[in-house]
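S.K.: Residue numbers (our numbering): 205 to 640.
Below is a structure I'd like to ask you about.
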Amino acid sequence: MRHAVVIGASMSGLLAAAALSRIAERVTVLDRDELPEEDVHRRGTAQSKHAHGLLARGLEVMELLLPGLTAELTARGAFGGDLQADCRWINEGRRLAPAPGDMPGLLVSRLLLEGQIRRRVAGLPGVTVIGGSQVSGLVHSGDRVTGVRLVSDETITADLVVDASGRGSRTPAWLGELGFPAPAEERVDIDLTYTTRVFRRRADDLAGDPVVIMAATREIPRAGVALAMEGDRWIVTVGGYGDDPPSDYEGFVAYTKSLPAPDIHELVASAEPIEEGRHHRTPASVRRRYERLSRFPRGLAVVGDAVCAFNPIYGQGMSVAAVEALRLGEWARRGRPARELFRSIARVVDGPWDIVVSGDLRLPGVRGRRTLKIRVINAYLERFHRAAEHDAELGRRFLRVANLLDPPSALLRPACLLRVFRGSGGGAAGAPAVNV
Numbered sequence: 205m206r207h208a209v210v211i212g213a214s215m216s217g218l219l220a221a222a223a224l225s226r227i228a229e230r231v232t233v234l235d236r237d238e239l240p241e242e243d244v245h246r247r248g249t250a251q252s253k254h255a256h257g258l259l260a261r262g263l264e265v266m267e268l269l270l271p272g273l274t275a276e277l278t279a280r281g282a283f284g285g286d287l288q289a290d291c292r293w294i295n296e297g298r299r300l301a302p303a304p305g306d307m308p309g310l311l312v313s314r315l316l317l318e319g320q321i322r323r324r325v326a327g328l329p330g331v332t333v334i335g336g337s338q339v340s341g342l343v344h345s346g347d348r349v350t351g352v353r354l355v356s357d358e359t360i361t362a363d364l365v366v367d368a369s370g371r372g373s374r375t376p377a378w379l380g381e382l383g384f385p386a387p388a389e390e391r392v393d394i395d396l397t398y399t400t401r402v403f404r405r406r407a408d409d410l411a412g413d414p415v416v417i418m419a420a421t422r423e424i425p426r427a428g429v430a431l432a433m434e435g436d437r438w439i440v441t442v443g444g445y446g447d448d449p450p451s452d453y454e455g456f457v458a459y460t461k462s463l464p465a466p467d468i469h470e471l472v473a474s475a476e477p478i479e480e481g482r483h484h485r486t487p488a489s490v491r492r493r494y495e496r497l498s499r500f501p502r503g504l505a506v507v508g509d510a511v512c513a514f515n516p517i518y519g520q521g522m523s524v525a526a527v528e529a530l531r532l533g534e535w536a537r538r539g540r541p542a543r544e545l546f547r548s549i550a551r552v553v554d555g556p557w558d559i560v561v562s563g564d565l566r567l568p569g570v571r572g573r574r575t576l577k578i579r580v581i582n583a584y585l586e587r588f589h590r591a592a593e594h595d596a597e598l599g600r601r602f603l604r605v606a607n608l609l610d611p612p613s614a615l616l617r618p619a620c621l622l623r624v625f626r627g628s629g630g631g632a633a634g635a636p637a638v639n640v
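Shown next as structure tokens:
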């Protein structure tokens, strides 16, 4: 392949470029924002102002695409830890049993992570990252996309165009202009609003634990996350479904008191705020079913949030984008039809999508069809989390699924089912774990 063009220089686009750089002579990444040298917020990445989770599988793939990235981030202030031993995972108001595990994590702000990845990608042989270049449409010849047209009317030719432009992707409309059908869309309306504040971090905060991840419950449809990050800071994001968390300090602290467990409130009630609060609203989780299309133009691919935009409270987006980039590179190397890429991406998305949709449909304010399968799985997971409060092995298995290392079906294996029903049934909540 001589030339690939990637639309969008956020995480998905940059990782796609890293994967394609291994097989293309040239890769050009285009973004409508000017791309500053410093790690600062920009218009096209509003999410950078809020907490971001980097899951174990995401870190693993990023290191594979950009060897040495973890060490570079650590040198700039990021720091690692054990995802089970060092993190407070709170589901159904219960903390997952902590124990030394085999899943390394990395705590790093979205700004530093994206900035360092952009520097690394821009330094790859044959890769050019260009800001201030907005794509207005696709150039094509027959059923093949041959490049992109910019708002300036300049055209750039390419053997492959990759749309990594995020939730606002225009590919569905562009397909119509080329005479191809748009993908079917699945949507779960969540009406999620969350607020983020940054605080000074002290060594003894949360007894030294650097992470709190707290899921919403049916009774309390509010969630929160507190992540330590470089610069001795906490980034704390709290949100609710059909809710509006205050951004002022006093209101923010009062809101945290209503979360399903007290950990985040105990942190922020005595912490020093160092930035103003910021709001963000996500109306829906959206999945575009490109894998179901019978016709699709050659020379075009779609990845990241442009395919599936998850509820961000679950922290899966960056890690899913990393795995998709890996699949994109494998597909481009083989030169296969687009449907094979989309089927491969669908297999990546299926597990995280099921987790998000099932989890959100537990909550009374979320609109969507609650199938018998979803109701049964949610009832089982409530029982699972009761058992996992005291059974570290169940905690480990849950975290492998949450971190995209194992599929959700791993929680339904016979050995896992036995531990759950022995550890959470009619016996005492603190019954000892059963070794299976």
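Beta carbons are placed, not taken as given, at the ideal position from N, Cα and C, and that holds for glycine.
Where does residue 345 fall in DSSP's three states?
M.R.: strand
S.K.: Determine, using beta carbons only, whether residue 416 and residue 478 come nearer to each other than 8 Å.
M.R.: no
S.K.: What are the start and end residues of the beta strand (DSSP E) that includes residue 286?
M.R.: Taken as a continuous stretch (DSSP letters only), the beta strand (DSSP E) holding residue 286 covers 283 to 286.
S.K.: What do you reckon, are the CB atoms on residue 591 and residue 627 nearer than 8 Å?
M.R.: yes
S.K.: What residues in its chain sit with their C-beta under 7 Å from that of residue 436, if we drop five residues either side in the sequence?
M.R.: 404, 405
S.K.: Taking all protein chains shown into account, decide if residue 422 is buried (16 or more other Cβ within 10 angstroms of its Cβ) or exposed.
M.R.: Residue environment for residue 422: exposed (fewer than 16 other C-beta atoms within 10 angstroms of its C-beta).
S.K.: CA-CA distance, residue 276 and residue 433?
M.R.: 15 Å
S.K.: Going by the beta-carbon positions, is the gap between residue 529 and residue 220 smaller than 8 Å?
M.R.: yes
S.K.: Using C-beta distances below 7 Å, list every residue in its chain close to residue 226, excluding the 5 sequence neighbours before and after it, in chain order.
M.R.: Excluding positions up to five away in sequence, the list reads 533.
S.K.: Taking Cβ positions, are residue 440 and residue 427 nearer each other than 8 Å?
M.R.: no
S.K.: Fully enclosed by the region 348 to 382, which beta strand (DSSP E) runs are 3 residues long or longer?
M.R.: 348 to 354, 359 to 361, 364 to 367
S.K.: In whole angstroms, what separates the C-alpha of residue 549 from that of residue 511?
M.R.: 9 Å
S.K.: To the nearest angstrom, how far is the alpha carbon of residue 518 from that of residue 257?
M.R.: Their Cα atoms are separated by approximately 8 Å.
S.K.: Assuming the contact rule is C-beta atoms closer than 8 Å, residue 555 and residue 612 should be a hit. Round their C-beta distance to whole Å, please.
M.R.: Right, the Cβ-Cβ distance comes to about 5 Å (below 8 Å), so this counts as a contact.
S.K.: Please check if any C-beta of chain B sits within less than 8 Å of the C-beta of residue 380.
M.R.: The structure shown contains no chain B, having only a single protein chain.
S.K.: Look at the alpha carbon of residue 567 and the alpha carbon of residue 205, and state the distance between them as a whole number of angstroms.
M.R.: Within the model, the alpha-carbon separation for residue 567 versus residue 205 is close to 48 Å.
S.K.: Can you tell me the Cα-Cα spacing of residue 514 and residue 606, whole angstroms?
M.R.: 14 Å
S.K.: In the DSSP assignment, what residue or residues form a beta bridge with residue 399?
M.R.: Beta-bridge pairing by DSSP links residue 399 to 442, 483.
S.K.: Once DSSP output is grouped into helix, strand and coil, what is the label at residue 529?
M.R.: helix
S.K.: Classify residue 636 as buried or exposed, calling it buried when 16 or more other Cβ atoms lie within 10 Å of its own Cβ.
M.R.: Confidence is the limiting factor: at residue 636 the pLDDT is only 33, short of 50, which leaves the residue's position unreliable, though a coordinate-based value still follows. Counting Cβ neighbours within 10 Å, residue 636 comes out exposed, since fewer than 16 surround it.
S.K.: Relative to the C-alpha of residue 547, which candidate in 563, 493, 564 has its C-alpha closest?
M.R.: 493
S.K.: Please list the terminal residues of the continuous alpha helix (DSSP H) segment that includes residue 510.
M.R.: Premise fails: residue 510 is in no alpha helix (DSSP H) and is neither H nor E.
S.K.: What does residue 309 pair with, by DSSP beta-bridge criteria?
M.R.: 285
S.K.: Give, in chain order, every unbroken run of the beta strand (DSSP E) that is at least 3 residues long and sits entirely within the region 400 to 433.
M.R.: 415 to 418, 426 to 433
S.K.: What are the partner residues of residue 504, as DSSP defines its beta bridges?
M.R.: Looking at the DSSP output, residue 504 bridges to 365.
S.K.: Considering just the uninterrupted stretch of the alpha helix (DSSP H) at residue 582, what are its terminal residues?
M.R.: Residue 582 -> alpha helix (DSSP H) spans 576 to 592.
S.K.: In this structure, what does DSSP give as the bridge partners for residue 390?
M.R.: 491
S.K.: Using a Cβ-Cβ cutoff of less than 6 Å, which residues in the same chain neighbour residue 159 once the five nearest sequence positions on both sides are dropped?
M.R.: There is simply no residue 159 to check, as the chain begins at 205 and stops at 640 in what is shown.
S.K.: Using the DSSP secondary-structure output, state which residues sit across from residue 208 in a beta bridge.
M.R.: 231, 364
S.K.: For my contact list, residue 456 and residue 481 are in at a C-beta cut-off of 8 Å; report their separation, rounded to the angstrom.
M.R.: 6 Å
S.K.: Going along the chain, which residues of its own chain have a beta-carbon closer than 6 Å to the beta-carbon of residue 391, five neighbours each way excluded?
M.R.: Once the five neighbours on either side are set aside, the close Cβ partners of residue 391 are 488, 490.
S.K.: Can you look up residue 340 in the DSSP assignment and give me helix, strand or coil?
M.R.: strand
S.K.: When you compare the CB positions of residue 508 and residue 525, do they come within less than 8 Å of one another, or not?
M.R.: yes
S.K.: In this structure, does DSSP put residue 294 in helix, strand or coil?
M.R.: strand
S.K.: If you run the structure through DSSP and keep just helix, strand and coil, what is residue 635?
M.R.: Low confidence applies to residue 635: its pLDDT is 35, below 50, so where it sits in the model is not reliable, and the reading given next is rough at best. Coil.
S.K.: Closest to residue 397 by CA distance: which of 575, 278, 497, 483 is it?
M.R.: 483
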